[in-house]
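**Student:**
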Amino acid sequence: MPHIFSSRDLDFQLKEVLNVEELTAWPAFEGHDTETFDAMIETAAKMAEDLFQPHAAKADANEPTFDGKTVSMIPETKEALDAYVEAGFMGAGFAEEHGGLGLPTTITRAVGFIFNAANVGTSAYPFLTVGAGNLLAAHATEDQKERFLKPMVEGRWFGTMCLSEPQAGSSLADIRTRAEPQADSTYRLFGNKMWISGGEQELSENIVHLVLAKIPGGPAGVKGISLFIVPKRLVNDDGSVGERNDVKLAGLNHKMGYRGTTNTLLNFGEAGGAVGYLVGEANRGLAYMFHMMNEARIGVGMGAVSLGYTGYLHALDYARGRPQGRPLDGKDPTSPMVPIVEHADVKRMLLASKSYVEGGLALGLYASRLVDEEHFHPDAAKRAEATDLLDILTPIVKSWPSDYCLKANDIAIQVHGGYGYTRDYPVERLYRDNRLNPIHEGTKGIQGLDILGRKVPMNGGRSLKALVARMSDTISEAKSVASLKGYAATLEALIAKMGATTAALMQAMGTQGPGRALANASLYLDALGHITVGWIWLKQALVAEKALAAGASDKGFYEGKLAACRYFFTYELNTIPAQCDTLAMVDDTNVTMQDGWF
Numbered sequence: 001m002p003h004i005f006s007s008r009d010l011d012f013q014l015k016e017v018l019n020v021e022e023l024t025a026w027p028a029f030e031g032h033d034t035e036t037f038d039a040m041i042e043t044a045a046k047m048a049e050d051l052f053q054p055h056a057a058k059a060d061a062n063e064p065t066f067d068g069k070t071v072s073m074i075p076e077t078k079e080a081l082d083a084y085v086e087a088g089f090m091g092a093g094f095a096e097e098h099g100g101l102g103l104p105t106t107i108t109r110a111v112g113f114i115f116n117a118a119n120v121g122t123s124a125y126p127f128l129t130v131g132a133g134n135l136l137a138a139h140a141t142e143d144q145k146e147r148f149l150k151p152m153v154e155g156r157w158f159g160t161m162c163l164s165e166p167q168a169g170s171s172l173a174d175i176r177t178r179a180e181p182q183a184d185s186t187y188r189l190f191g192n193k194m195w196i197s198g199g200e201q202e203l204s205e206n207i208v209h210l211v212l213a214k215i216p217g218g219p220a221g222v223k224g225i226s227l228f229i230v231p232k233r234l235v236n237d238d239g240s241v242g243e244r245n246d247v248k249l250a251g252l253n254h255k256m257g258y259r260g261t262t263n264t265l266l267n268f269g270e271a272g273g274a275v276g277y278l279v280g281e282a283n284r285g286l287a288y289m290f291h292m293m294n295e296a297r298i299g300v301g302m303g304a305v306s307l308g309y310t311g312y313l314h315a316l317d318y319a320r321g322r323p324q325g326r327p328l329d330g331k332d333p334t335s336p337m338v339p340i341v342e343h344a345d346v347k348r349m350l351l352a353s354k355s356y357v358e359g360g361l362a363l364g365l366y367a368s369r370l371v372d373e374e375h376f377h378p379d380a381a382k383r384a385e386a387t388d389l390l391d392i393l394t395p396i397v398k399s400w401p402s403d404y405c406l407k408a409n410d411i412a413i414q415v416h417g418g419y420g421y422t423r424d425y426p427v428e429r430l431y432r433d434n435r436l437n438p439i440h441e442g443t444k445g446i447q448g449l450d451i452l453g454r455k456v457p458m459n460g461g462r463s464l465k466a467l468v469a470r471m472s473d474t475i476s477e478a479k480s481v482a483s484l485k486g487y488a489a490t491l492e493a494l495i496a497k498m499g500a501t502t503a504a505l506m507q508a509m510g511t512q513g514p515g516r517a518l519a520n521a522s523l524y525l526d527a528l529g530h531i532t533v534g535w536i537w538l539k540q541a542l543v544a545e546k547a548l549a550a551g552a553s554d555k556g557f558y559e560g561k562l563a564a565c566r567y568f569f570t571y572e573l574n575t576i577p578a579q580c581d582t583l584a585m586v587d588d589t590n591v592t593m594q595d596g597w598f
């Protein structure tokens with residue numbers, strides 16, 4: 001069985017590309033050192049391979065069941081999560097004032113990458129809990145933090161996010177769940193929430209639901225959305241868990257992947273109203289929820305990388321061990337067959353996968369480092385710059401890996417041939433798991449509208465300018481390296497082409513309206529995402545060239561980085577000019593198409 005991730009690549013990203021040691025000099029992380037970081041990652045790797053990976057297939061084949069009263073699942077899920085909590089991973093990223101370890105996001109994301117690669121269904125419970133806990137840490141009252149956040153940091157209670165409703169889907173302006181104010185300053189919630197991952201389980205003592213609802217009399221649309229803490233079980237004054245709140249499981253959704261994670265339809269208020277507690281100010285709930293959503297979008301992108309990465313490693317392992325066929329120039333039919341990894345077309349597929357998953361990992365960890373910079377960099381200007389960069393990068397980090405690391409899973413099936421679509425090998429399951437990520441936390445279409453309709457034009461285009469400035473710095477450095485000059489010139493030309501395309505679309509926004517200018521926003525997101533990953537690969541290539549020049553002992557690792565960079569620039573980035581030309585046309589084919597013509 002191949003490893004679930006490459007420890008060498010993760011070490012390369014954290015230490016050689018991102019220089020995480022620098023973080024330990026910041027006041028927020030001065031109590032940590034790289035030995036602490038290494039210990040967390042090594043512990044995660046061992047626990048993931050010993051406790052999470054072994055039951056991934058079993059959890060997929062035996063998804064949770066509901067008998068009308070209780071949700072049941074295989075016991076290995078709780079055993080793994082109990083060990084995860086005991087090891088301190090649930091509280092690893094929370095501030096010490098909340099009972100956590102105060103580790104950088106860069107490190108906790110790397111840890112999450114490992115656990116997701118092992119078993120994404122089981123790992124989803126802490127992923128959601130940490131996201132909900134971070135929202136409470138940022139926006140809840142001190143009393144709410146003591147009552148609800150503390151047991152989440154300790155891992156005794158889990159958390160969820162309750163946004164979607166059966167009739168509304170992603171259109172949150174149309175949610176109907178209402179919150180009736182009570183004399184004791186609590187609220188009673190009535191409504192239904194759909195697609196709630198982790199919404200019911202017996203893994204934790206309690207579940208803290210973060211629920212979007214509307215207070216009667218508030219503004220229409222998204223401006224009237226408020227956010228509420230709604231526990232599965234009521235909490236007594238001493239912090240102990242009391243009777244069940246008026247939150248009922250209506251049923252489980254049966255998904256093609258992530259089968260170990262309960263996915264639920266929840267009914268609030270069937271018996272008088274679910275007790276809820278307002279977070280922050282009324283009618284500002286969506287703004288608060290975006291704290292968790294943006295974190296989750298980066299997390300979903302990293303989860304897609306995890307699944308694509310382990311799928312790639314399975315395909316590579318299979319290709320090295322599967323003899324089939326002979327070299328095209330071989331003349332002797334009696335000669336031994338060669339491993340399929342020797343065939344050019346299999347190398348092409350594996351190189352594509354390598355460029356996607358290693359590029360996606362570098363992108364996700366880069367964004368995670370920006371989260372640390374945004375919150376904790378000692379320089380205020382650097383904190384502001386990190387915010388600008390995250391504004392433009394978050395839709396890319398969510399969507400690009402969800403597309404292209406899924407392609408790596410598709411390729412893994414193809415490399416396995418007929419065995420790939422059987423359950424004898426894990427690659428079909430990994431594909432099914434990853435196919436959910438293009439939908440999780442906003443589809444590509446939604447992310448495209450966000451980046452082109454909001455993030456690019458806001459603040460006079462400041463976020464995009466900040467990203468281009470970072471890219472230009474890398475290009476300038478690469479121009480001084482003979483082997484990378486051509487890549488630098490290619491990327492520079494593509495950035496200029498994308499800039500002209502962006503200007504044309506911004507002009508069309510004013511003259512032709514958003515309906516037409518944003519019709520191909522997902523194509524824009526794809527093109528800008530590819531350029532961004534091309535830049536990320538050039539950054540890796542620079543580090544690889546320096547290591548080789550310095551006489552690195554593991555020469556093959558760095559040569560592999562350069563080969564993947566070459567592949568990406570040669571086979572992937574050559575599609576960008578055509579995409580830009582299509583975008584600049586501001587074509588209305590998709591706008592004018594009518595239902596009756598299908």
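Under full-length UniProt numbering, the residue at position 168 of the sequence shown is numbered 168, and the numbers go up by one with no gaps.
Yeah, the Cβ is synthetic: ideal placement off N, Cα and C, and Gly gets one too.
The alpha helix (DSSP H) that contains residue 395, what's its start and end?
**Tutor:** By 1-based counting over the sequence shown, the position of residue 395 is 395. 380–416 is the extent of the alpha helix (DSSP H) around residue 395.
**Student:** Should residue 254 go down as buried or exposed, given a rule of 16 or more other Cβ atoms within 10 Å for buried?
**Tutor:** Taking the sequence shown and counting its residues from 1, the one referred to as residue 254 is at position 254. By the neighbour-count rule (16 or more Cβ atoms within 10 Å), residue 254 is not buried but exposed.
**Student:** If contacts are defined as beta-carbon pairs under 8 angstroms, then residue 525 and residue 399 qualify, I think. What distance do you get, rounded to the angstrom?
**Tutor:** If you number the sequence shown from 1, residue 525 lands on position 525. If you number the sequence shown from 1, residue 399 lands on position 399. Correct: roughly 6 angstroms between the Cβ atoms.
**Student:** Taking the straight line between their C-alpha atoms, what separation do you get for residue 137 and residue 98?
**Tutor:** Your numbering for residue 137 matches position 137 in the sequence shown. Your numbering for residue 98 matches position 98 in the sequence shown. If you take the alpha carbons of residue 137 and residue 98, they lie about 8 angstroms apart.
**Student:** If you reduce the DSSP assignment to three classes, tell me which class residue 239 lands in.
**Tutor:** Taking the sequence shown and counting its residues from 1, one reaches residue 239 at position 239. DSSP places residue 239 in coil when its eight states are reduced to three.
**Student:** Taking all protein chains shown into account, do 16 or more other C-beta atoms lie within 10 angstroms of the C-beta of residue 471, making it buried, or fewer, making it exposed?
**Tutor:** On the sequence shown, residue 471 is found 471 positions in, with the first residue counted as 1. Under this definition residue 471 is a buried residue.
**Student:** Within a Cβ cutoff of 7 angstroms, which residues of the same chain sit near residue 357, ignoring the five residues on either side of it in sequence?
**Tutor:** Along the sequence shown, one-based indexing puts residue 357 at 357. Cβ within range, chain order: 305, 308, 309, 312, 405 and 408.
**Student:** Shortest alpha-carbon distance to residue 315 belongs to which of 243, 413, 362 and 283?
**Tutor:** Translated into positions along the sequence shown, residue 315 becomes position 315. Nearest C-alpha to residue 315: 413.
**Student:** Just mark residue 89 as buried or exposed, buried being the case when its beta carbon has 16 or more other beta carbons within 10 Å.
**Tutor:** To locate residue 89, count along the sequence shown from 1; it is residue 89. Classification for residue 89: buried.
**Student:** Whose C-beta lies closer than 7 angstroms to the C-beta of residue 70 among residues of the same chain, with five residues either side of it excluded?
**Tutor:** For the purposes of this step, residue 70 is taken as the residue at position 70 of the sequence shown. If we look at residue 70 and ignore the five residues flanking it on each side, its Cβ neighbours are 202.
**Student:** Which residue comes first and which comes last in the beta strand (DSSP E) that contains residue 585?
**Tutor:** Position 585 of the sequence shown, counted from the first residue, corresponds to residue 585. Taken as a continuous stretch (DSSP letters only), residue 585 belongs to no beta strand (DSSP E), as it is neither H nor E.
**Student:** Report the option in 551, 580, 583 and 543 whose CA atom is closest to the CA atom of residue 565.
**Tutor:** Locating residue 565 in the sequence shown gives position 565, counting from the first residue. Among 551, 580, 583 and 543, the Cα nearest to that of residue 565 is on 543.
**Student:** Is residue 65 closer than 9 angstroms to residue 252 when the C-beta atoms are compared?
**Tutor:** Here residue 252 is taken as the residue at index 252 of the sequence shown, counted from 1. Here residue 65 is taken as the residue at index 65 of the sequence shown, counted from 1. A contact, by the Cβ cut-off of 9 angstroms.
**Student:** Short of 6 angstroms in beta carbon distance, which residues of its chain neighbour residue 393, apart from the five on each side in sequence? Order them along the chain.
**Tutor:** Within the sequence shown, the letter at position 393 stands for residue 393. Cβ neighbours of residue 393 beyond the five flanking positions: 367.
**Student:** What separation, rounded to the nearest whole angstrom, lies between the Cα atoms of residue 261 and residue 273?
**Tutor:** Looking up residue 261 in the sequence shown gives position 261. Looking up residue 273 in the sequence shown gives position 273. Spanning the two alpha carbons is a distance of roughly 27 angstroms.
**Student:** Please classify residue 571 as buried or exposed, where buried requires at least 16 other C-beta atoms within 10 Å of its C-beta.
**Tutor:** Residue numbering aside, residue 571 sits at position 571 when the sequence shown is read from its first letter. It counts as exposed.
**Student:** Could you check which residue in 468, 112 and 514 has the C-alpha nearest to that of residue 528?
**Tutor:** Along the sequence shown, one-based indexing puts residue 528 at 528. Looking at the Cα atoms, 468 is the closest of the given residues.
**Student:** So, residue 114 versus residue 5, is the Cβ gap smaller than 9 angstroms?
**Tutor:** On the sequence shown, residue 114 is found 114 positions in, with the first residue counted as 1. On the sequence shown, residue 5 is found 5 positions in, with the first residue counted as 1. For residue 114 and residue 5, yes; Cβs fall inside 9 angstroms.
**Student:** Can you tell which of 206, 179, 214 and 207 has the C-alpha that lies nearest to the C-alpha of residue 617?
**Tutor:** Past the boundaries of the shown model lies residue 617; the chain is included only from 1 to 598, so the question cannot be answered.
**Student:** Reducing DSSP to helix, strand and coil, say where residue 3 ends up.
**Tutor:** Numbered from 1 along the sequence shown, position 3 holds the residue referred to as residue 3. Note: residue 3 maps to coil in three-state DSSP.
**Student:** What would DSSP say about residue 495, mapped onto helix, strand or coil?
**Tutor:** Locating residue 495 in the sequence shown gives position 495, where the first residue counts as 1. Residue 495: helix per DSSP, three-state reduction.
**Student:** Below 6 angstroms CB to CB, which residues in the same chain sit around residue 60 once its five sequence neighbours on both sides are set aside?
**Tutor:** Along the sequence shown, one-based indexing puts residue 60 at 60. The residues are 259 and 429.
**Student:** Grab the span of the alpha helix (DSSP H) containing residue 194 for me, first residue to last.
**Tutor:** For this step, residue 194 is matched to residue 194 along the sequence shown. From DSSP, residue 194 is part of no alpha helix (DSSP H) but of the beta strand (DSSP E) over 187–197.
**Student:** Closer than 6 angstroms by C-beta to residue 176: which residues in its own chain qualify, once you throw out the five before and the five after it? Chain order, please.
**Tutor:** In the sequence shown, the residue the question calls residue 176 occupies position 176. Excluding sequence neighbours, residue 176 sits near 191.
**Student:** Cα-Cα, which of 519, 563, 596 and 460 is closest to residue 537?
**Tutor:** For the purposes of this step, residue 537 is taken as the residue at position 537 of the sequence shown. That would be 563, whose Cα lies nearest to the Cα of residue 537.
**Student:** To the nearest angstrom, how far is the alpha carbon of residue 187 from that of residue 286?
**Tutor:** What you label residue 187 is simply residue 187 of the sequence shown in a count that begins at 1. What you label residue 286 is simply residue 286 of the sequence shown in a count that begins at 1. Distance between the alpha carbons of residue 187 and residue 286 is about 18 angstroms.
**Student:** Measure the alpha-carbon distance for residue 444 versus residue 522 and round it to whole angstroms.
**Tutor:** By one-based count along the sequence shown, residue 444 stands at place 444. By one-based count along the sequence shown, residue 522 stands at place 522. Cα to Cα, residue 444 sits roughly 6 angstroms from residue 522.
**Student:** Leaving aside the five residues before and after residue 477 along the sequence, list all residues of the same chain whose C-beta is less than 8 angstroms from its C-beta, in chain order.
**Tutor:** In the sequence shown, residue 477 corresponds to position 477, counting from 1. Once the five neighbours on either side are set aside, the close Cβ partners of residue 477 are 542.
**Student:** Evaluate residue 626 with the Cβ neighbour count: other Cβ atoms within 10 Å of its Cβ, from every protein chain shown; 16 or more gives buried, anything less gives exposed.
**Tutor:** An answer regarding residue 626 cannot be provided, because it is not within the stretch 1 to 598 covered by the chain.
**Student:** Contact between the stretch 76–84 and the stretch 115–132 is defined here as three or more beta-carbon pairs at a separation below 8 angstroms; is this criterion met?
**Tutor:** The stretch 76–84 vs the stretch 115–132: in contact.
**Student:** Answer with buried or exposed for residue 385, where buried requires no fewer than 16 other C-beta atoms within 10 angstroms of its C-beta.
**Tutor:** Residue mapping note: residue 385 aligns to position 385 of the sequence shown, counting from 1. By the neighbour-count rule (16 or more Cβ atoms within 10 Å), residue 385 is buried.
**Student:** Which first and last residues belong to the alpha helix (DSSP H) in which residue 129 is found?
**Tutor:** Stepping through the sequence shown from its first residue, residue 129 is reached at position 129. First-last of the alpha helix (DSSP H) with residue 129: 120–139.
**Student:** Give every residue of the same chain whose Cβ lies closer than 8 angstroms to the Cβ of residue 320, excluding the five residues on either side of it in the sequence, and list them in chain order.
**Tutor:** For the purposes of this step, residue 320 is taken as the residue at position 320 of the sequence shown. Counting only Cβ-Cβ distances below 8 angstroms, and skipping sequence neighbours, we find 339 and 341.
**Student:** With H, G and I counted as helix, E and B as strand and the rest as coil, what does DSSP make of residue 226?
**Tutor:** On the sequence shown, residue 226 is found 226 positions in, with the first residue counted as 1. Three-state result, residue 226: strand.
**Student:** Below 8 angstroms, can you find three or more Cβ-Cβ pairs linking the stretch 9–18 to the stretch 99–110?
**Tutor:** Short answer: they touch.
**Student:** If you reduce the DSSP assignment to three classes, tell me which class residue 425 lands in.
**Tutor:** By 1-based counting over the sequence shown, the position of residue 425 is 425. In this structure, residue 425 counts as coil in the three-state DSSP scheme.
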